[in-house]
Amino acid sequence: MILDAFIPHPDVRERFDTLVEAPASLVLEVASHFDVQRLWPVRAIFRTREILMRATPPVGRRAQGILAETLQLGWGLLVRDERMVVVGARCQPWRGDVTFTAIPPDGFAGYAEPGQVKIAWTLEVEALGPERTRFSHETRAVATDAAARRRFLRYWRWARFGIIAIRWLMMPGVRREAEARWARRTTAGGG
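With numbering that gives the first Met the number 0 applied, the sequence shown corresponds to residues 0 to 190, in that order.
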């Protein structure tokens, strides 16, 4: 597990997997560029958080695709290869206007500034055959001290429902898009 190198003992761990009838390279490409906010329930979840947390709605043009948007928000790229993308940041997620700050990969595991939560998540592919892939997404979070842990876990009690719902919506969305793109390529003779 790649996240063991960054957050070996998380306070929170969520992992989701789905099988996709498409090559692994295509699945990772689709997942990296998937615009989760094009799904109206996801937009509603983000808007609900804004209202509940009295957060300032985002201004400016939003980057398209989950990876580009995440990096635009301040997350850092920890690992990227043909099998996975891993991003991470530190933040105080219980704040309405949460700010994500990248931590360099070589300092991520040891980062311990008090009052913070380290979060890392992955997009992973495992080729099960030339046209069959296990697509996984894992998120881990750990607070840097006891006070931050209490605040984070209090926030997580209610926020996890929206966060998990976003993943439940993203996974089949990526699967459908990758399978549709693969079907178009094979039908056109470009498989």
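Cβ atoms here follow ideal geometry from the backbone N, Cα and C, with glycine treated the same way.
The C-beta distance from H32 to G64 rounds to 4 angstroms, short enough to fall under 8 angstroms. Counting the other Cβ atoms within 10 Å of the Cβ of T132 gives 16 or more, which makes it buried. Shown here, I118 sits in a strand according to DSSP, grouped into three states.
In the three-state DSSP reduction, A182 falls in the helix class (H, G or I).
In this structure, V84 lies away from T138, with their beta-carbon atoms at least 9 angstroms apart. The Cβ atoms of V173 and T47 lie no closer than 9 angstroms to each other. Nearest in C-alpha terms to G95, of all of R149, L51, F160 and G109, is L51. Secondary structure at T143: coil, using DSSP grouped into helix, strand and coil. Secondary structure of M0 (DSSP, three-state): coil. Put simply, of L168, C90 and A119 the residue whose alpha carbon is nearest the alpha carbon of R150 is C90. Put simply, of S24, R42 and V35 the residue whose alpha carbon is nearest the alpha carbon of P129 is S24. The Cβ-Cβ distance between A140 and A119 falls below 9 angstroms. Approximately 20 angstroms separates the beta-carbon atoms of E81 and E178; this is outside 8 angstroms, ruling out the contact. According to the DSSP secondary-structure assignment, A88 is paired through a beta bridge with I118. Taking C-beta atoms as the reference points, L168 and P22 fail to come closer than 9 angstroms. In the structure shown, the three-state DSSP call for G161 is helix.
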